[in-house]
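Notes for the one structure printed next.
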Amino acid sequence: MGSNLIPLILLIIGVSTMITTTNCWSESRFRRSIDLTATNSLIPDARLPTDVVPNNYTLDLRTNLDESTFKGHVKIFATCLKSTNQIQLHAHDDLTIAENEIVVREHKSTQEKKENAVQPTDVKIRRIDKLFKKPILVIYLQEVLEVGLIYEIDVSFSGRIGNEEGGIFSGKYTDNKVEKKYIATSFRPHNARSVFPCFDEPSYKVPFIFTLSRPKQFHTLFNTPVEKSTADKESTEYMVDHFAVTPAMSTFTFGFVISELKLVSRTSAVGDNQKPQIKVWARDEVHENLAVVYDKVAKIVKSMENYWGLDFPLSKLDIVAIPAFPPVKSADNWGLIVFKESELQAQGYKTIAQEISYQWLGSWVTPFWWSDAHINKAIAGFLSTLAAIEIDHGKEFDGKWPMTELYMLYYEFSKRYPHSRITGMKQENICSKTELVLRMLNYTLGYDTFKRGMQKFITDREYKTFYSEDVWEALTKQAHLDDKLCETASIADIAESWITKNRFPVVRVERHYENKSATVTQRVYLRERPHDVPERDKMLWWIPLVLIGEDNLDFDNTKPFKWMKKTKELTLNDLPAADKFIIVNPEEIGPFPVNYDEKNWNLLSAFLQTEEGRSKIPVYTRAKLLHDAWNLAYAGDLNFATAFNMTLFIKDERNHLVWNGVFTFIDHIGRHIDMSVDVHRKFEIYVRNLLTPFYEELTAENNENWKTDLISLAKAFLCRAGYKPCIEEAQKVYKKWMDSEDPDLGNPVANQYICPVFKWGTQEEWEFGLQRIINFPESRQESERTYLLKSLAGCPIQSEKIYKLLNLTVLENNGNFTDKDITTIFRMLSGASSGYTTLFHFLQNNFDTIKVRFENRENLWDILISASTGAFTTQEGYDMVSQLYVRRHGEFGTAEHIIEKSLKNIKEETKWSDENLPVIEKWLDNYLKNINTVDEKFME
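Going by full-length UniProt numbering, the letters in the sequence shown line up with residues 1 to 940, in that order.
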C-alpha cells in the first residue's frame, strides 16, 4: 500500500464506518435493558460522552521484550455527532501520553464527496487534562467541532508490559528444558485503554489497521493474518508485522500474542482448505497431545455454523495453548483464542465450544454495554452445551447438565439473603439462571422455533451491537409466526420475570380428584428460615405448566398445558382420573420445584417402587421428584413422612443422577437433627441400610467413571456413619504414617482416610495428628496443614478431643497456632452438634478468661460467639444459649448482636424441630420395624 494512499483509504473507511456507527447510535442510544436491574455490574466504568465517536484506528505498537516496555502511536478517525469543544478518550493512568505531540485534524470531505478529499487542517488545542480518578484523557479545543465532519486524532504513548492479567503482559514457559518468553494481551472487559488511548466501550465497533514489532526469532498472531513483515528501522533485532485490516470490532476483542510457540501438525481429519483456516499453536512438548484439537475445533465450528445458519465470520482462527496463562479465563479475541494449556488438553468439548461461540456472539455481534453481557454469556453457554452434546452425544456431561447447576441455584436462591456479599458469585449465578431460562424457552417454544428466532436475531445484528431486548424480540416474532405463543404475550415479559429476580418460584398443585381439576399457586421458594423476605408476596413469574399424566407418559411433549401469566393462582381442568398421578414440570423444563397434595405424592411414590414405573419415568424426572420432595420438606412445605416415602424406591435405583442428590439430603437433614440424639440415631440406621447394599453392590462390579464417583460418595458417608470395613482400612493406612521414621516429612495418607480415623479412631491416633500440625515443617505446602487442622477439629465426636484442642489453642495460647488457625477451629466445630455443644460449654466454663485473651482480638471473639451459639436447633439448645445470654448480658461486647441473632434463629429452628422431629421419628420407627438392619457392620 503506497503511503500517499493511506489517508484517502482511511478516510473512505472512516466515512463508511460512520454510516454504520451513526445508524447504530440513533436507535435509542440510552434505551434501558430489562436486565440492568438484575446485573449490578462489576465494572465501575467511566462512560465517554457521545459527542465524538470513532470510525477506525490505525495503531502502530513497538515492543521491547528485554525492558518490558512498549511505545506506540494511534491515529483515530472519528465523527462529530454533537457540537463540542472537547474530545474524550479512555487512557489508563499507567499509560504515559506524549501530550505535547497530540494533534487533531479536521477533514472537510463529506459522505457525498469523499473522492474529492481536501487537505485536512489542524484544530488548535487549548489544553489537555486527565480526569481525576477516572481513566479519561480530555483534549480541550479552541474551537467547536462541526457536526458531521470527520476528525483525525493522533496520539503517541508509552507504557510498561506487566506480568499479570490485564492489558499487555509477558510470561515465561519451558519447552524442551529451554525457558521461553512471550507477550500476550487480555483486553476484556476494558483493558485496551491500558495499552493505547481509545474509545474503550463495547458499543464502538470499528476497523483497525495494525502494525506491531517483535523480535526476529518470534512470530505474532493477531485478529487478522499478517500481510507483510518489514525490518524495524529502530532495531536490527526486531521485525514489524503489518496485518490485514480487521472487520468492525470492539476494543475488548482486539488481541495479539508474540511468542516462539510452534504450529501443531494437522490431523488427517482437517484439510488445508478448511474454512476458516484453523491453526493450533503450542510448545513442542505437548504437540502430540494437542493434535486432536484440530478435529475438536472443526467439529465445534461446523456445529455452530449449522445452528446459526451462517459461516464462521472470519477467514482464520488461531488457537493458542500457553501453560500457566495468567488470566482466569481464556482470552477470546476475535480470530485468536488463547487457552491455558491444561484446558486444551482436557477431555470434552464444552470449554472450547464456549470460547468459540463468542466468535459469533460477542465479537461479531456484540452487547451494547456490559449490562447485557450476561445474556451474551448465557446464550454462548447454552449453545456451546448443545454443541458438545451433539458432538459426543452427551458423554462429557454424563447427564449431569443442567441438574448440578440447577440444584446449586435452588439452594442459593432459597436463602434469606442470596449471595450474601459475594458479588462475583452473583454475576455467575445470573448467567447460569439466564442460561436455564433459555433452556426453558427452547423446550416450551420448541427447538425449531427457538433456533429460527436466534438465527433471525443474529442475522439482523451482524457487525453491530445488541441489547437483550433484541434477543427477546426476535424470539417473540418467531414464536408468534409459528403459533407457539399467544399474540398478547412476549418473550421479553417471560424472560424479565425470571432474570430480574434473585429468586425462583415454587409451584403447588392441589388436585380436586372429584372433578378432575387442580388449583395451581405460585410463590417465592424459600428454604432457609425464617421466611421473612421483603415483598415476597409481590414476586410473580411467567411459568410454563408442562404436564404429564400417568395415563399418557409422553415426556417428549414439552408444550405447556397452560401458562401462569404472573398470576398467583389458576385452575387446571381435564386432568387424569383420581387413581392416576400427574407430574408438572417434568425433566426440570423450568427452573422451579413443584409441590403436590399428599395423595398425588403417594401415587408417585407407589409407581416409582415398581420396576415398570422406574423404567417409564426418565431419570431427570425421577431425580427431580426426589429432590423436590426432600427440599420442600426441609423448607417446611411438605410433611416429612411424605418426603421419606419418596425415598423408598431408592433401594432399587441404580442411576447415579438420582443418587447424587441423595447425599446432599442426608447431609442436610443429618446435620439438622443430630442434636436430637434418639432421632439422629434412628436416622443413621436408615442411612446405613440405604447405602450399605448399594455401596457393596457397586464395589463388586466393574467400575465406570460415574460408579467410581458414586462409590467415593457412598464410602465417605458410610465412613462418617462408622462402617467398620472403612474404619479398619483407614486405620491400617494411617498406622503406616505413625510408624514412619520421620512422619513430618510428608503425609502418605490420602485425605479420605483422615476424618474416619479422627472420628472413630483412638485418642493416640488423634494426638499423632495434633503433633503433625504442631511440628509441621515450613517446606511443605500450607494447604496440607490446613486440611489436617480442619479434620482434627471438625471430625471428632468425642468431647475430650475437642476440649484438648481448645485448651491448647485458646487457654494455653500455644504459639504454634495463629489467629487464623483458631478461626478455622471455631468454624469447623460449628458443623456438628458434638462440636458446637462442646464449644459452647468451653465458652461457658471459661468465659472470663477467654474474654481477656480476646480483648484485642474482636474478630476472634465474634466468630467464637457465632460458632458456639448459632447452630442449635432444639428447645434444649435455646435454653442453654438463653441462660448464658441472661447471665452474661452486657458482657458480650461487639458480639452482643451476634448472640441476639443466634437466639432469634434458634427459636425459628426450634419451631421446625418441634413440628418435624416427631413426624420423622414416627416414620423411622415404622421403617425400622420392617427391615433387617446392617448395624453389625458399624462401630458402636
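Note that CB positions come from ideal geometry on N, CA and C, so glycine has one too.
Small disclaimer: the values here were computed from a predicted structure and weren't measured.
Contact between the stretch 487-506 and the stretch 579-595 (3+ Cβ pairs under 8 Å): yes
Beta-carbon spacing of D154, V123 below 8 Å: As a working note, residue 154 is residue 154 in the sequence shown. As a working note, residue 123 is residue 123 in the sequence shown. Going by C-beta atoms, D154 is not nearer than 8 Å to V123.
C-alpha distance - G446 paired with K682, whole-angstrom precision: Here residue 446 refers to the residue found at position 446 of the sequence shown. Here residue 682 refers to the residue found at position 682 of the sequence shown. In this structure, the alpha-carbon of G446 lies about 48 Å from that of K682.
Backbone secondary structure at G381 - three-state DSSP: Along the sequence shown, one-based indexing puts residue 381 at 381. DSSP places G381 in helix when its eight states are reduced to three.
Between the CA atoms of G362 and V320 - distance to the nearest angstrom: Here residue 320 refers to the residue found at position 320 when the sequence shown is read from its first residue. Here residue 362 refers to the residue found at position 362 when the sequence shown is read from its first residue. Looking at the two C-alpha atoms, the distance is approximately 19 Å.
Where D200 falls, given that 16 or more other Cβ within 10 Å makes a residue buried: In the sequence shown, the residue the question calls residue 200 occupies position 200. The residue in question, D200, is buried, as its Cβ has 16 or more Cβ neighbours within 10 Å.
Chain-order list of residues whose beta-carbon lies under 6 Å from that of K71 (same chain, five-residue window excluded): In the sequence shown, the residue the question calls residue 71 occupies position 71. Contacts found: R62, S158.
I375 versus I754, L436, F717, K464, residue with shortest Cα-Cα distance: Here residue 375 is taken as the residue at index 375 of the sequence shown, counted from 1. Of I754, L436, F717, K464, the residue nearest in Cα terms is L436.
Residues near P530 by beta carbon distance below 6 Å, same chain, minus five either side: The sequence position of residue 530 within the sequence shown is 530, counting from 1. Within the same chain, P530 has close Cβ partners E908.
Every unbroken alpha helix (DSSP H) inside the stretch 761-789 [4 residues or more]: 763-774
Sheet register partners of P505 (DSSP bridge): Along the sequence shown, one-based indexing puts residue 505 at 505. Answer is V524.
Simplified DSSP state of Q277, which is helix, strand or coil: Within the sequence shown, residue 277 is the residue found at index 277, counting from 1. Looking at Q277 - three-state DSSP - the assignment turns out to be strand.
Bounding residues of the alpha helix (DSSP H) (the contiguous stretch that carries M880): Sequence index remark: in the sequence shown, residue 880 carries index 880 (1-based). Residues 875-887.
According to DSSP, residues forming a beta bridge with M239: As a position in the sequence shown, residue 239 is number 239, starting the count at 1. BP columns for M239 point to R214, A231.
Buried or exposed (CB count within 10 angstroms, at least 16 for buried), N845: Along the sequence shown, read from residue 1 onward, the residue named residue 845 stands at position 845. Looking at its Cβ environment, which holds fewer than 16 other Cβ atoms inside 10 Å, N845 is exposed.
Opposing strand residues paired with L145 [DSSP bridges]: As a working note, residue 145 is residue 145 in the sequence shown. L145 is bridged by DSSP to nothing; it lacks a bridge partner.
Segments assigned beta strand (DSSP E), at least 3 residues, entirely inside the stretch 668-751: none
Close Cβ partners of F252 (< 8 Å) along its chain, the five nearest in sequence each way excluded: As a working note, residue 252 is residue 252 in the sequence shown. Only F187, R188, P189, H190, N191, A192, D200, P202 meet the Cβ criterion.
Check whether L545 and F555 have beta carbons under 8 Å apart: Position 545 of the sequence shown, counting from 1, holds the residue named residue 545. Position 555 of the sequence shown, counting from 1, holds the residue named residue 555. No.
Best match in K329, W360, Q277 for proximity to G309 [C-alpha to C-alpha]: Position 309 of the sequence shown, counting from 1, holds the residue named residue 309. Closest by alpha carbon: W360.
Per DSSP, the bridge partner or partners of G162: Residue numbering aside, residue 162 sits at position 162 when the sequence shown is read from its first letter. The partner list for G162 (beta bridge, DSSP) reads F169.
Counterpart residues of W334 in DSSP-defined beta bridges: Counting from 1 along the sequence shown, the entry for residue 334 is found at position 334. Answer by DSSP bridge pairing: none, since W334 is not bridged.
For T621, three-class secondary structure by DSSP: Working through the sequence shown from its first residue, we reach residue 621 at position 621. T621 carries a helical assignment under DSSP once its states are collapsed to helix, strand and coil.
For Y753 and A730, believed in contact at Cβ under 8 Å, the rounded distance: Taking the sequence shown and counting its residues from 1, one reaches residue 730 at position 730. Taking the sequence shown and counting its residues from 1, one reaches residue 753 at position 753. Approximately 4 Å separates the beta-carbon atoms of A730 and Y753; this is inside 8 Å, confirming the contact.
Best match in K566, K172, N905 for proximity to S866 [C-alpha to C-alpha]: Walking along the sequence shown from the start, residue 866 turns up at place 866. Among K566, K172, N905, the Cα nearest to that of S866 is on N905.
Assumed close pair K566, S497 - CB separation to whole angstroms, cut-off 8 Å: For this step, residue 566 is matched to residue 566 along the sequence shown. For this step, residue 497 is matched to residue 497 along the sequence shown. About 6 Å; that satisfies the 8 Å criterion.
Spatially closest choice to W766 from G348, S740, G794, by CA coordinates: Here the question's residue 766 lines up with position 766 in the sequence shown. Of G348, S740, G794, the smallest CA-CA separation from W766 is found for G794.
Beta bridge counterpart(s) of residue 942 as assigned by DSSP: Summary: the structure shown does not reach residue 942, with the chain confined to residues 1 through 940, and so no result is reported for it.
C-beta contact flag for V147 and S83 at 8 Å: For the purposes of this step, residue 147 is taken as the residue at position 147 of the sequence shown. For the purposes of this step, residue 83 is taken as the residue at position 83 of the sequence shown. Their beta carbons are under 8 Å apart, which means V147 touches S83 by this criterion.
8 Å Cβ cutoff met for A387 and S265: Start at 1 with the first residue of the sequence shown, and residue 387 comes out as number 387. Start at 1 with the first residue of the sequence shown, and residue 265 comes out as number 265. No.
6 Å CB neighbourhood of G399 in its chain, flanking five on each side removed: Within the sequence shown, the letter at position 399 stands for residue 399. So the qualifying residues of the chain are L657.
Inter-residue spacing [alpha-carbon to alpha-carbon] between Y695 and W659: As a position in the sequence shown, residue 695 is number 695, starting the count at 1. As a position in the sequence shown, residue 659 is number 659, starting the count at 1. CA-to-CA, the gap between Y695 and W659 works out to about 11 Å.
Reduced DSSP secondary structure (H/G/I, E/B, other) of E152: The residue labelled residue 152 in the question sits at position 152 within the sequence shown. Residue state, collapsed to three classes: strand.
Close beta carbons around Y513, own chain, < 6 Å, minus the five adjacent residues each side: Here residue 513 refers to the residue found at position 513 when the sequence shown is read from its first residue. For Y513, where only same-chain residues beyond five positions count, the Cβ hits under 6 Å are A578.
One or two residues paired with R62 in a DSSP bridge: Counted from its first residue, the sequence shown places residue 62 at position 62. Bridge partners of R62: K71.
Reference K599; option with closest CA among T664, T385, P49, F581: The residue you call residue 599 lines up with position 599 of the sequence shown. Measuring from the Cα of K599, the nearest candidate turns out to be F581.
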